[in-house]
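Engineer: Before we start, here is the structure in question, set down as structure tokens.
Number of protein chains: 2
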Amino acid sequence: MLADVIIRAVPSARERVRAELTAEITDAARRQLAEVGAAALSLRAVAREVGMVSSAVYRYFPSRDDLLTRLLVDGYDDLGAAAEAADVPGTAPLDRWLSVCRAVRAWARAHPHEYALLYGSPVPGYQAPQDTVPAAARVGVALGRILGDAARSGDLPETAGERDPGLVTADVVDTLGGEHPSLDETVRVRALLAWSSLFGTISFELFGHFVGSVEDADRYFDRVMTDLARLIGLAPGVDR
Amino acid sequence: MLADVIIRAVPSARERVRAELTAEITDAARRQLAEVGAAALSLRAVAREVGMVSSAVYRYFPSRDDLLTRLLVDGYDDLGAAAEAADVPGTAPLDRWLSVCRAVRAWARAHPHEYALLYGSPVPGYQAPQDTVPAAARVGVALGRILGDAARSGDLPETAGERDPGLVTADVVDTLGGEHPSLDETVRVRALLAWSSLFGTISFELFGHFVGSVEDADRYFDRVMTDLARLIGLAPGVDR
DNA sequence: GGCAGAGCGAGAGCACCGCTCTCGTCACTG
DNA sequence: CAGTGACGAGAGCGGTGCTCTCGCTCTGCC
Numbered sequence: 028m029l030a031d032v033i034i035r036a037v038p039s040a041r042e043r044v045r046a047e048l049t050a051e052i053t054d055a056a057r058r059q060l061a062e063v064g065a066a067a068l069s070l071r072a073v074a075r076e077v078g079m080v081s082s083a084v085y086r087y088f089p090s091r092d093d094l095l096t097r098l099l100v101d102g103y104d105d106l107g108a109a110a111e112a113a114d115v116p117g118t119a120p121l122d123r124w125l126s127v128c129r130a131v132r133a134w135a136r137a138h139p140h141e142y143a144l145l146y147g148s149p150v151p152g153y154q155a156p157q158d159t160v161p162a163a164a165r166v167g168v169a170l171g172r173i174l175g176d177a178a179r180s181g182d183l184p185e186t187a188g189e190r191d192p193g194l195v196t197a198d199v200v201d202t203l204g205g206e207h208p209s210l211d212e213t214v215r216v217r218a219l220l221a222w223s224s225l226f227g228t229i230s231f232e233l234f235g236h237f238v239g240s241v242e243d244a245d246r247y248f249d250r251v252m253t254d255l256a257r258l259i260g261l262a263p264g265v266d267r
Numbered sequence: 028m029l030a031d032v033i034i035r036a037v038p039s040a041r042e043r044v045r046a047e048l049t050a051e052i053t054d055a056a057r058r059q060l061a062e063v064g065a066a067a068l069s070l071r072a073v074a075r076e077v078g079m080v081s082s083a084v085y086r087y088f089p090s091r092d093d094l095l096t097r098l099l100v101d102g103y104d105d106l107g108a109a110a111e112a113a114d115v116p117g118t119a120p121l122d123r124w125l126s127v128c129r130a131v132r133a134w135a136r137a138h139p140h141e142y143a144l145l146y147g148s149p150v151p152g153y154q155a156p157q158d159t160v161p162a163a164a165r166v167g168v169a170l171g172r173i174l175g176d177a178a179r180s181g182d183l184p185e186t187a188g189e190r191d192p193g194l195v196t197a198d199v200v201d202t203l204g205g206e207h208p209s210l211d212e213t214v215r216v217r218a219l220l221a222w223s224s225l226f227g228t229i230s231f232e233l234f235g236h237f238v239g240s241v242e243d244a245d246r247y248f249d250r251v252m253t254d255l256a257r258l259i260g261l262a263p264g265v266d267r
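Structure representation (structure tokens):
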């Protein structure tokens, strides 16, 4: 009993080397993911890179999909951290919004294969476990914080106060600033719209669907994100 | 010379059976794609299904990727046809818009694996050939036609007439109704935004990113698409 | 009508994949 | 000190995409 506690508190040498090797494997896998993409990620090649035989890797990851899951969670965390780092609380809502959006796009362009793993086609026959959810939500939470802060500081216009229970979840209501006169179902739906449009825009750019349509991707992105910010009231806006 | 013409006009028996076998292979491949997804699509399994040995299939498709390309083009065409069939020219712009958007979503939900092939992660190391472009553009063209018709029939509000050459391509200007007082760069960018948001919304729904956020997917989709229609002026709209 | 050649399917084979099982070794635990 | 459990290596299974060779058959031309 006491020994157990001690063992758990101070990792044994065995546990330490195991953690190191696990990290070495995930690093090699991440490198290979960045090079050849998720579909071509080969557990055998990862094993070769760390100087192991393929079967030895199975001591650390039960399957290739588990290795992919690890990369998935790491990717969500890395992207989420980048988004949070780009946010500067206290500045103008539109600036915060644009800064986070640009950071997400920059991360996606810097890690195209990882982005495709996170937001592209799901791995067939693979169900994302529950522990990926918090990491996956970080970008959305960061964007929601901007909206909530703007509402509390009075930077958002009043709403019609529309209620529509059963449209979005209570979690979304919380994430988007909770109950507030400036936040009703219309705003919440639009915030979700802006959130998915951010990734829709980036996906279209990365996956080549804008080829032949958009000439200046940088300026296009900024304009679209600004329009979305106006749509949810984060910036003084004209029009419809 | 004359013989050549005749041969080309009336397909020989050999050409006919070749066309039939090619169709049989693509049909089997489409079935397998719908079942197991693009990543797990096996050329050998397709061969087994049509009663061939794997090497024989290579007489018809040079590689697995070429088979996937065929399915890609077919998918774009099928989706494009569904979108066009849903459009009823002459009715109100918002109704046309919603009808096409709903048709795209319905097709995506009915063919999730094919949708993932079209709009999910691109196949690694695979570059879509040029002949996929026209098929891929059909949905965008259908949506653009609604906007152009609305502009010509005076259903769109006047614009500030903003010009911004180099932001979107001339093709997009043409597709979105050409030059018209009701169409300026602001509207065109928003139309592209709405287009990519349509697929961003569907992708998020299909790939599970809305789990835990959106409760009633049907109503959410309609509200978002209506907001997008208002954003580009297809419906009388309030707000910012 | 016969013949050369092209198209075709089958089969073997290569290199690779994910994954499983066994076996000898080595370090840590009780 | 003895025992046990984690570990890496290796062989092996069934699968994959793709290539090459071999006969057969059908076709178009002289």
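The listed protein sequences derive, respectively, from chains A and B.
At position 108 of the first sequence the residue is numbered 135 (the numbering used here), and the sequence of numbers has no breaks.
At position 217 of the second sequence the residue is numbered 244 (the numbering used here), and the sequence of numbers has no breaks.
The beta-carbon is built from N, C-alpha and C at its ideal position, and this holds for glycine as well.
1) Under 9 Å, Cβ to Cβ, is there at least one residue of chain A near residue 69/B?
2) Going by DSSP in three states, residue 60/A sits in which element: helix, strand or coil?
3) Is residue 227/A close to chain B? Criterion is C-beta to C-beta, closer than 9 Å.
4) Per DSSP, which one or two residues make a beta bridge with residue 241/A?
5) Taking only runs that begin and end inside the region 58-125 of chain B, name each unbroken alpha helix (DSSP H) of 4 or more residues, in chain order.
6) My understanding is that residue 73/A touches residue 241/B, with C-beta atoms under 8 Å, so please give their C-beta distance in whole angstroms.
7) Which word fits residue 85/B, buried or exposed, when buried means at least 16 other C-beta atoms lie within 10 angstroms of its C-beta?
8) Name the two residues that bound the continuous alpha helix (DSSP H) containing residue 229/B.
9) With residue 176/B as the anchor, note down where its alpha helix (DSSP H) starts and where it stops.
10) With 16 other CB atoms within 10 Å as the buried threshold, where does residue 118/B fall?
11) Indicate whether at least one CB of chain B lies closer than 9 Å to the CB of residue 201/A.
12) Apply the 10 Å Cβ neighbour rule to residue 254/B and answer buried if 16 or more other Cβ atoms are within range, or exposed otherwise.
13) Given residue 263/A, which residues of its chain have a CB within under 6 Å of its CB, disregarding the five upstream and five downstream residues?
14) Residue 86/A versus chain B: which residues are under 8 Å apart at the beta carbon?
15) Counting only C-beta atoms, is residue 165/B closer than 9 Å to chain A at any point?
16) At the 9 Å Cβ level, is residue 220/A part of the contact set with chain B, yes or no?
17) Spatial neighbours of residue 61/A within its chain, please: C-beta separation below 8 Å, excluding the five flanking residues on both sides.
18) Would DSSP call residue 290/B helix, strand or coil?
19) Taking the alpha-carbon positions, what's the residue 58/A to residue 80/B distance?
20) Could you tell me whether the Cβ atoms of residue 260/A and residue 214/A are closer together than 9 Å?
21) When you compare the region 224-242 of chain A with the region 195-211 of chain A, are there three or more beta-carbon pairs, one atom per stretch, that lie closer than 8 Å?
Structural biologist: From the atom records:
1) no
2) helix
3) Yes - at least one Cβ of chain B is within 9 Å of the one on residue 227/A.
4) Looking at the DSSP assignment, residue 241/A forms a beta bridge with 195/B.
5) 70-76, 81-84, 91-113
6) Contact flag wrong, Cβ pair sits at about 37 Å.
7) exposed
8) It spans 212-233 - the alpha helix (DSSP H) in which residue 229/B sits, taken as one unbroken run.
9) 160-179
10) exposed
11) No, no contact with chain B.
12) buried
13) Excluding five sequence positions before and after residue 263/A, none of the CB atoms of its chain fall closer than 6 Å to its own CB.
14) Under the 8 Å cutoff, chain B gives no residues; its nearest Cβ is about 26 Å from residue 86/A.
15) Chain A, which has no Cβ nearer than 9 Å to the Cβ of residue 165/B, makes this no.
16) yes
17) Within the same chain, Cβ atoms closer than 8 Å to the Cβ of residue 61/A are found at 138, 140, 141, the five residues on either side in sequence being excluded.
18) A question about residue 290/B goes unanswered here, because the residues of chain B that appear run from 28 up to 267.
19) 37 Å
20) yes
21) no
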